[in-house]
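The opening residue of the sequence shown carries number 23 in the working numbering; numbering runs sequentially from there. Glycine included, each C-beta is placed from N, C-alpha and C at the ideal position. Structure, as structure tokens:
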Amino acid sequence: MTGGATKLGLADEKTGAGNLTDTAFWEDYWGRFSLPDAIDENRSFDRGLASGLRRLLRGSKGEVLEIGCAPGRWLAFLSREFTLSVSGIEYTADGAAATRRNLELLGVKNADIREADFLTATPSPKYDVVVSFGFVEHFTDVEAVIRRHVAWTRPGGRVIIGVPNFRGVHGWLQKGLDAEVLAHHNLTIMDVDRLAELGPAAGLVTESVEYLGSLEPSLPIARAGVKGLPDFLAKVALRTMRLIRRAPVVGRAMDDWNNPFVSSYILASYRKPS
23 MTGGATKLGL
33 ADEKTGAGNL
43 TDTAFWEDYW
53 GRFSLPDAID
63 ENRSFDRGLA
73 SGLRRLLRGS
83 KGEVLEIGCA
93 PGRWLAFLSR
103 EFTLSVSGIE
113 YTADGAAATR
123 RNLELLGVKN
133 ADIREADFLT
143 ATPSPKYDVV
153 VSFGFVEHFT
163 DVEAVIRRHV
173 AWTRPGGRVI
183 IGVPNFRGVH
193 GWLQKGLDAE
203 VLAHHNLTIM
213 DVDRLAELGP
223 AAGLVTESVE
233 YLGSLEPSLP
243 IARAGVKGLP
253 DFLAKVALRT
263 MRLIRRAPVV
273 GRAMDDWNNP
283 FVSSYILASY
293 RKPS
């Protein structure tokens, strides 16, 4: 996840993208992380996204750029799994510093991590793969933000975008735990058909859009303490989900239980015309 610098809900001056987060939101978010932070496929979310990326990027080589890259755990994964040199753009100073430190701790060398506003930075269309995970849903004009992804991609290159799915059970849980969090997300794009349409609208060819992640207890963000019956019930449901997803056999068997209501994530793959 990452964001930009404009005030909550106001459009960026150059792109008009409409940022739904502010700097304070992300400084608080990255303050929760401890390093080193690596992909752990014993975790259900990491396992699901890693599997999806392996299917999409099998045999990939060249250079990859991650938009909103902090804390660098997916850049480390891409460096390890594929023949890809890794770069990233991160808006906040804390996020960029955490990414550099994390990649160093994980043994990733020569990574190019820029502290910059992705929406206003001058693009260099040299990357074979441009990815973002949990970024575009923080804007009202998602097409404009995807076009910025395209501007960094070489002709014939790939754009891969992941977004959480708060339009099913995870949205119900988030509303019970902290409804304000939903205000930072554009729920209208959390749909495979909508994401498929956004590719051609932004000048891309849509290759695939899929639900993945199944039930994911790590997605909803909870407030401290218990505040009312909805909060209590949501936390009971999350605790139950954690127990189920950690079960060695049942938890992994659920990885393939994916549909609009159950899945925690959507992964879209696009190709930039040559």
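The alpha helix (DSSP H) runs of length 4 or more contained entirely in the region 205 to 238 are, from start to end of the chain, 214 to 223. Counting only runs of at least 4 residues, the region 49 to 131 fully encloses the following alpha helix (DSSP H) elements, listed from N- to C-terminal order: 66 to 79, 95 to 103 and 115 to 127. Contact annotation: Ser285 and Asn187 have beta-carbon atoms nearer than 7 Å. The beta carbon of Met263 sits closer than 6 Å to those of Leu237 and Pro239, all from its chain and outside the five residues before and after it, given in chain order. With contact defined as three or more Cβ pairs closer than 8 Å, the region 280 to 296 and the region 217 to 232 are in contact. Gly184 has Phe155 and Leu289 as its beta-bridge partners, per DSSP. Distance from the Cα of Lys83 is smallest, within the candidate group Ala246, Val172 and Arg180, for Arg180. Look at Thr262 here: in three-state DSSP terms it is helix. Out of Arg245, His171 and Asn124, the CA that lies nearest to the CA of Phe157 is found in His171.
For Ser146, same chain residues with a beta-carbon under 8 Å away, outside a window of 5 residues either side, are Trp174 in chain order. Around the CB of Phe67, 16 or more other CB atoms lie within 10 Å, so the residue is classed as buried. For the options Asp134, Gly250, Arg77 and Ala256, the alpha carbon positioned closest to that of Cys91 is the one of Asp134. Per DSSP, the beta bridge partners of Ile135 are Gly110. Between Val185 and Glu88, the gap from beta carbon to beta carbon reaches 7 Å or more. The beta carbon of Leu204 sits closer than 8 Å to the beta carbons of Phe188, Gly193, Gln196 and Lys197 from its chain, once the five residues preceding and following it are set aside; these are given in chain order. In this structure, the beta-carbon distance from Ala118 to Glu112 falls below 7 Å. Residue pairing for Thr162: DSSP places it in no beta bridge. For Arg122, the number of other beta carbons within 10 angstroms of its own is at least 16, and it is reported as buried.
Residue nearest to Leu234 within the set Thr144, Gly81 and Arg274 is Arg274 (criterion: CA-CA distance). Non-local C-beta neighbours of Glu85 in its own chain, meaning closer than 6 Å and more than five positions away in sequence, comprise Ser107, Tyr149 and Asp150, ordered along the chain. Under DSSP, Thr175 shares a beta bridge with Tyr149. By the neighbour-count criterion, in which a residue is buried when 16 or more other Cβ atoms sit within 10 angstroms of its Cβ, Val272 is exposed.
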